[in-house]
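Q:
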Amino acid sequence: MNVDSIQNGIVIDHISAGSGMKLYDLLDLDNLDCSVAIIKNVQSRKMGKKDIIKIDADIEVNLDAIGYVDPEATVNIIKDGELVAKKVIGTPEILTNVLKCKNPRCITSCEQELDHIFKLTDKSAKMYRCIYCETKAK
Amino acid sequence: MRSLIDIRDLTVDELYDLVNTACDIIDNPAKYSESCRGKKLATLFFEPSTRTRLSFEAAMYELGGNVLSVSSGSSSSAAKGESIADTAKTVSCYADIIAMRHPKEGAPFVAAQNATIPVINAGDGGHNHPTQTLADLLTIYREKGRFDNLTIGFCGDLKFGRTVHSLISAMSRYTGIKIVLISPLELKLPSYVKKDVLKKNGIPYTQTTDLLSVMPELDILYMTRVQRERFFNEEDYLRLKDSYILDMKKLETAKKDLCIMHPLPRVNEISVAVDDDPRACYFKQVLNGKYMRMALILKLLEEAGR
Numbered sequence: 005m006n007v008d009s010i011q012n013g014i015v016i017d018h019i020s021a022g023s024g025m026k027l028y029d030l031l032d033l034d035n036l037d038c039s040v041a042i043i044k045n046v047q048s049r050k051m052g053k054k055d056i057i058k059i060d061a062d063i064e065v066n067l068d069a070i071g072y073v074d075p076e077a078t079v080n081i082i083k084d085g086e087l088v089a090k091k092v093i094g095t096p097e098i099l100t101n102v103l104k105c106k107n108p109r110c111i112t113s114c115e116q117e118l119d120h121i122f123k124l125t126d127k128s129a130k131m132y133r134c135i136y137c138e139t140k141a142k
Numbered sequence: 038m039r040s041l042i043d044i045r046d047l048t049v050d051e052l053y054d055l056v057n058t059a060c061d062i063i064d065n066p067a068k069y070s071e072s073c074r075g076k077k078l079a080t081l082f083f084e085p086s087t088r089t090r091l092s093f094e095a096a097m098y099e100l101g102g103n104v105l106s107v108s109s110g111s112s113s114s115a116a117k118g119e120s121i122a123d124t125a126k127t128v129s130c131y132a133d134i135i136a137m138r139h140p141k142e143g144a145p146f147v148a149a150q151n152a153t154i155p156v157i158n159a160g161d162g163g164h165n166h167p168t169q170t171l172a173d174l175l176t177i178y179r180e181k182g183r184f185d186n187l188t189i190g191f192c193g194d195l196k197f198g199r200t201v202h203s204l205i206s207a208m209s210r211y212t213g214i215k216i217v218l219i220s221p222l223e224l225k226l227p228s229y230v231k232k233d234v235l236k237k238n239g240i241p242y243t244q245t246t247d248l249l250s251v252m253p254e255l256d257i258l259y260m261t262r263v264q265r266e267r268f269f270n271e272e273d274y275l276r277l278k279d280s281y282i283l284d285m286k287k288l289e290t291a292k293k294d295l296c297i298m299h300p301l302p303r304v305n306e307i308s309v310a311v312d313d314d315p316r317a318c319y320f321k322q323v324l325n326g327k328y329m330r331m332a333l334i335l336k337l338l339e340e341a342g343r
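Those protein sequences? They're chains A and B, same order as listed.
Quick note on numbering: my numbering labels position 118 of the first sequence as 122, and the sequence is numbered without any gaps.
Quick note on numbering: my numbering labels position 202 of the second sequence as 239, and the sequence is numbered without any gaps.
#1: Which first and last residues belong to the alpha helix (DSSP H) in which CYS296(B) is found?
#2: Let's test the definition: count the other Cβ atoms within 10 Å of the Cβ of LEU87(A) and tell me whether it reaches 16, buried, or not, exposed.
#3: Can you give the beta carbon distance from CYS192(B) to THR261(B), rounded, assuming they're within the 8 Å contact cut?
#4: Check whether the Cβ atoms of LEU333(B) and LEU41(B) lie closer than 8 Å to each other.
#5: Going by alpha carbons, who is nearest to VAL311(B) out of LEU283(B), LYS215(B), SER129(B)?
#6: Go ahead and pull the three-state DSSP assignment for ALA79(B).
#7: Suppose the cutoff is 7 Å on Cβ atoms and the five residues either side in sequence are ignored; what does the same chain contact list for VAL56(B) look like?
#8: Within the segment 316-343 of chain B, note down every full alpha helix (DSSP H) run reaching 4 residues or more, in order along the chain.
#9: Measure the alpha-carbon distance for GLY182(B) versus PRO96(A) and round it to whole angstroms.
#10: Reducing DSSP to helix, strand and coil, say where CYS192(B) ends up.
#11: Return yes when the Cβ of ASP185(B) is within less than 8 Å of the Cβ of GLY213(B), no when it is not.
#12: PHE82(B): buried (16+ other C-beta within 10 angstroms of its C-beta) or exposed?
#13: Just mark GLU99(B) as buried or exposed, buried being the case when its beta carbon has 16 or more other beta carbons within 10 Å.
#14: Could you check where the alpha helix (DSSP H) with SER206(B) kicks off and where it finishes?
#15: Start and end of the beta strand (DSSP E) containing ARG138(B)?
#16: With contact counted as at least three CB pairs below 8 Å, one residue from each stretch, are the segment 287-296 of chain B and the segment 333-343 of chain B in contact?
#17: Given this structure, state the Cα-to-Cα distance separating TYR69(B) from ILE62(B), to the nearest angstrom.
#18: What does the alpha-carbon distance come out to for the pair ILE157(B) and GLN322(B)?
#19: If contacts are defined as beta-carbon pairs under 8 Å, then TYR102(B) and ARG74(B) qualify, I think. What distance do you get, rounded to the angstrom?
#20: Using a Cβ-Cβ cutoff of 8 Å, what residues of the segment 136-150 of chain B are near chain A? List them in chain order.
#21: Report yes if the C-beta distance between VAL79(A) and ILE14(A) is below 8 Å; otherwise report no.
#22: Among residues of its own chain, excluding the 5 on either side of ILE81(A), which ones have a beta-carbon nearer than 7 Å to its beta-carbon?
#23: Give the interface partners of ILE121(B) over in chain A, defined as CB-CB distance under 8 Å, in chain order.
#24: May I ask you to report which of helix, strand or coil DSSP gives THR176(B)?
#25: Could you work out which residue in SER23(A), GLU117(A), TYR136(A), ILE43(A) is closest to ARG109(A) when comparing CA atoms only?
#26: Can you confirm whether CYS38(A), when its beta carbon is compared against all beta carbons of chain B, has any partner nearer than 8 Å?
#27: Distance check for ASP279(B) and SER220(B), CA to CA, integer angstroms please.
#28: Quick check: what's the CA-CA separation for LEU222(B) versus THR246(B)?
#29: Taking C-alpha atoms, which residue in ALA79(B), ASN151(B), GLY342(B) lies nearest to TYR131(B)?
#30: In chain B, which residues lie with their C-beta within 7 Å of the C-beta of LEU118(A)?
#31: For TYR136(A), decide whether its Cβ has a neighbour in chain B, counting only Cβ atoms nearer than 8 Å.
#32: Should ASN101(A) be flagged as near chain B, meaning a C-beta pair shorter than 8 Å?
#33: Below 8 Å on C-beta distance, what does ASN107(A) contact in chain B?
#34: Give me the chain A residues within the contact set of GLY163(B), using Cβ-Cβ distance strictly less than 7 Å, ordered along the chain.
#35: From which residue to which residue does the alpha helix (DSSP H) around LYS127(A) run?
Laid out in structure tokens, this is it:
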């Protein structure tokens with residue numbers, strides 16, 4: 005399967021197979037006007053299978069969201085058809101406005117201006133908790 | 038700016054310092070009667086409370102300070118839609134320290150992030166109530182003379198009881214602590230507290246539904262109220278509220294120096310006949326709460342340079 009290479013934009017590569025749609029939703033890519041390709045189950049020598057997302061626009065993406073979904077994913081910045089930067093995000097310590105706290109008793113449920121912030125409390129279990137009410141991220 | 042939002046904000050050494058200050062206040066009240074002269078405590082209570090608010094206010098008055106009070110959310114700008122952040126910034130212009138109770142979890146944390154004066158969490162929903170834990174710790178220290186090598190039974194609502202979670206968290210930092218969890222199955226201690234606090238700190242614990250069977254081994258019995266406001270369903274509340282009632286008969290097998298504690302208010306979970314037993318410590322706990330709040334106000338104001 006061929007998807008055209010992009011001139012200016014972002015390629016999120018090495019997403020573990022099956023996590024591409026989750027990242028697509030978390031990054032709210034559905035609301036972009038530009039071309040966005042999500043390619044599932046691409047053959048990979050390193051990973052066996054992987055997902056790739058290509059965004060054909062020079063936009064800012066929430067890197068924490070990428071690290072949350074897959075800390076091994078790589079973000080490639082493309083300018084004028086050339087790769088100008090490549091980075092692995094890793095596991096973020098803090099997630100800001102990536103997830104919403106689901107606890108109806110949390111202060112974020114009634115104060116709309118507050119950022120939804122989650123802190124990594126157990127790296128091995130990849131567990132995040134709301135910094136306000138300590139509810140576990142789901 | 039140093040605030041107190043969670044009991045874990047205080048180190049073990051700081052807790053000892055607060056306990057020592059509180060003991061000194063008890064022994065030498067006159068020494069502290071002018072310590073906060075000219076200082077103002079703002080009590081922002083967005084949820085009904087009698088004892089905690091009065092305790093904070095009494096604490097500040099006994100330190101020679103003054104109190105500005107908002108007694109309910111409906112009589113403040115919060116009713117007009119003002120944010121916690123704006124309330125905290127505004128009150129910082131009037132007072133030297135804030136004590137805040139709020140029904141939403143994390144509200145005092147938001148206040149502390151925005152205030153320019155220290156904020157004390159006086160209870161945020163079912164989340165934290167660190168000054169109750171301070172009262173509990175002073176009671177344990179004055180009754181037992183130590184924080185280590187104690188078997189502590191928690192009885193009643195261990196699921197929603199924030200005071201239970203906080204005290205378990207505080208006591209798990211000491212050695213030789215054993216925890217006995219006594220509750221109906223529906224109100225068991227949440228698994229995250231067992232995993233993140235008890236197991237993580239290597240604290241041995243047992244769980245039972247039978248208070249009588251564990252009574253002889255307890256050094257401390259911490260009773261709790263099955264709180265109506267924590268239930269979504271009235272039927273569940275009515276079915277469970279009388280599960281564990283402590284009376285003189287049940288105390289027959291208890292140690293002679295058992296320390297019976299309760300964060301109050303009680304409904305009927307401790308028979309009034311127990312009040313006259315020397316092992317009943319729950320009203321001393323109320324008084325200890327005031328002394329620990331005095332010690333805390335002094336510490337936070339001093340650290341803030343006010």
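Note that CB positions come from ideal geometry on N, CA and C, so glycine has one too.
A: Short version:
#1: Along the second sequence, read from residue 1 onward, the residue named residue 296(B) stands at position 259. Note, CYS296(B): premise wrong, no alpha helix (DSSP H); beta strand (DSSP E) at 296-298.
#2: Here residue 87(A) corresponds to residue number 83 of the first sequence, with the count starting at 1. When all chains shown are included, LEU87(A) counts as exposed.
#3: In the second sequence, the residue the question calls residue 192(B) occupies position 155. In the second sequence, the residue the question calls residue 261(B) occupies position 224. For CYS192(B) against THR261(B), the beta-carbon gap comes to about 7 Å, under 8 Å, which counts as contact.
#4: Within the second sequence, residue 333(B) is the residue found at index 296, counting from 1. Within the second sequence, residue 41(B) is the residue found at index 4, counting from 1. Result yes, Cβ atoms of LEU333(B) and LEU41(B) sit closer than 8 Å.
#5: If you number the second sequence from 1, residue 311(B) lands on position 274. When C-alpha distances from VAL311(B) are compared across LEU283(B), LYS215(B), SER129(B), the shortest belongs to LEU283(B).
#6: As a working note, residue 79(B) is residue 42 in the second sequence. Three-state result, ALA79(B): strand.
#7: Within the second sequence, the letter at position 19 stands for residue 56(B). Setting aside the 5 residues that flank it on each side, VAL56(B) is surrounded in the same chain by LEU174, LEU175, TYR178, each with a C-beta closer than 7 Å to its C-beta; the list follows chain order.
#8: For the alpha helix (DSSP H) assignment, the uninterrupted runs of no fewer than 4 residues enclosed by the segment 316-343 of chain B are, from N- to C-terminal side, 319-340.
#9: Here residue 182(B) is taken as the residue at index 145 of the second sequence, counted from 1. Here residue 96(A) is taken as the residue at index 92 of the first sequence, counted from 1. Here the alpha carbons of PRO96(A) and GLY182(B) stand approximately 44 Å from one another.
#10: As a first step, residue 192(B) must be located in the second sequence, where it is residue number 155. Strand.
#11: Within the second sequence, numbered from 1, the residue matching residue 213(B) stands at position 176. Within the second sequence, numbered from 1, the residue matching residue 185(B) stands at position 148. Here GLY213(B) is near ASP185(B), since their CB atoms are less than 8 Å apart.
#12: Counting from 1 along the second sequence, the entry for residue 82(B) is found at position 45. It counts as buried.
#13: Against the second sequence, residue 99(B) aligns to sequence position 62. The C-beta of GLU99(B) has 16 or more other C-beta atoms within 10 Å across all chains shown, which makes the residue buried.
#14: Counting from 1 along the second sequence, the entry for residue 206(B) is found at position 169. From DSSP, the alpha helix (DSSP H) with SER206(B) extends over 199-208.
#15: Along the second sequence, one-based indexing puts residue 138(B) at 101. From DSSP, the beta strand (DSSP E) with ARG138(B) extends over 134-139.
#16: Cβ pair count under 8 Å is below three, so no.
#17: As a position in the second sequence, residue 69(B) is number 32, starting the count at 1. As a position in the second sequence, residue 62(B) is number 25, starting the count at 1. About 7 Å.
#18: As a working note, residue 157(B) is residue 120 in the second sequence. As a working note, residue 322(B) is residue 285 in the second sequence. Straight-line Cα distance between these residues: approximately 19 Å.
#19: Here residue 102(B) refers to the residue found at position 65 of the second sequence. Here residue 74(B) refers to the residue found at position 37 of the second sequence. Sequence check: residue 102(B) is Gly here, not Tyr. The beta-carbon separation of GLY102(B) and ARG74(B), rounded to 7 Å, stays under the 8 Å limit for a contact.
#20: Result list: HIS139, PRO140, LYS141, GLU142, GLY143, ALA144, PHE146, VAL147.
#21: Along the first sequence, one-based indexing puts residue 79(A) at 75. Along the first sequence, one-based indexing puts residue 14(A) at 10. Taking 8 Å as the Cβ cut-off, VAL79(A) and ILE14(A) qualify as a contacting pair.
#22: One-based indexing of the first sequence puts residue 81(A) at position 77. Excluding residues up to 5 positions away in sequence, ILE14, VAL88, ALA89 lie with their Cβ nearer than 7 Å to the Cβ of ILE81(A) in the same chain.
#23: Taking the second sequence and counting its residues from 1, one reaches residue 121(B) at position 84. Residues of chain A passing the Cβ test: ILE111, GLU115.
#24: Within the second sequence, numbered from 1, the residue matching residue 176(B) stands at position 139. Three-state result, THR176(B): helix.
#25: Taking the first residue of the first sequence as position 1, residue 109(A) is located at position 105. Here the closest residue by C-alpha is TYR136(A).
#26: Position 34 of the first sequence, counting from 1, holds the residue named residue 38(A). Chain B, which has no Cβ nearer than 8 Å to the Cβ of CYS38(A), makes this no.
#27: Residue numbering aside, residue 220(B) sits at position 183 when the second sequence is read from its first letter. Residue numbering aside, residue 279(B) sits at position 242 when the second sequence is read from its first letter. Straight-line Cα distance between these residues: approximately 11 Å.
#28: Indexing the second sequence from 1 puts residue 222(B) at position 185. Indexing the second sequence from 1 puts residue 246(B) at position 209. Approximately 7 Å, taken between the alpha carbons.
#29: As a working note, residue 131(B) is residue 94 in the second sequence. For the options ALA79(B), ASN151(B), GLY342(B), the alpha carbon positioned closest to that of TYR131(B) is the one of ALA79(B).
#30: Residue 118(A) sits at position 114 when you count from the first residue of the first sequence. Within 7 Å Cβ-Cβ: VAL147.
#31: Numbered from 1 along the first sequence, position 132 holds the residue referred to as residue 136(A). At least one C-beta of chain B is nearer than 8 Å to the C-beta of TYR136(A).
#32: Counting from one through the first sequence, the residue named residue 101(A) turns up at place 97. It does not; no Cβ of chain B falls within 8 Å.
#33: Taking the first residue of the first sequence as 1, we reach residue 107(A) at position 103. Under the 8 Å cutoff, chain B gives GLU142.
#34: As a working mapping, residue 163(B) is identified with position 126 in the second sequence. Ordered by position in chain A, the residues that pass the 7 Å Cβ test against GLY163(B) are ARG109.
#35: Start at 1 with the first residue of the first sequence, and residue 127(A) comes out as number 123. Under the DSSP assignment, LYS127(A) falls outside any alpha helix (DSSP H); it carries neither an H nor an E label.
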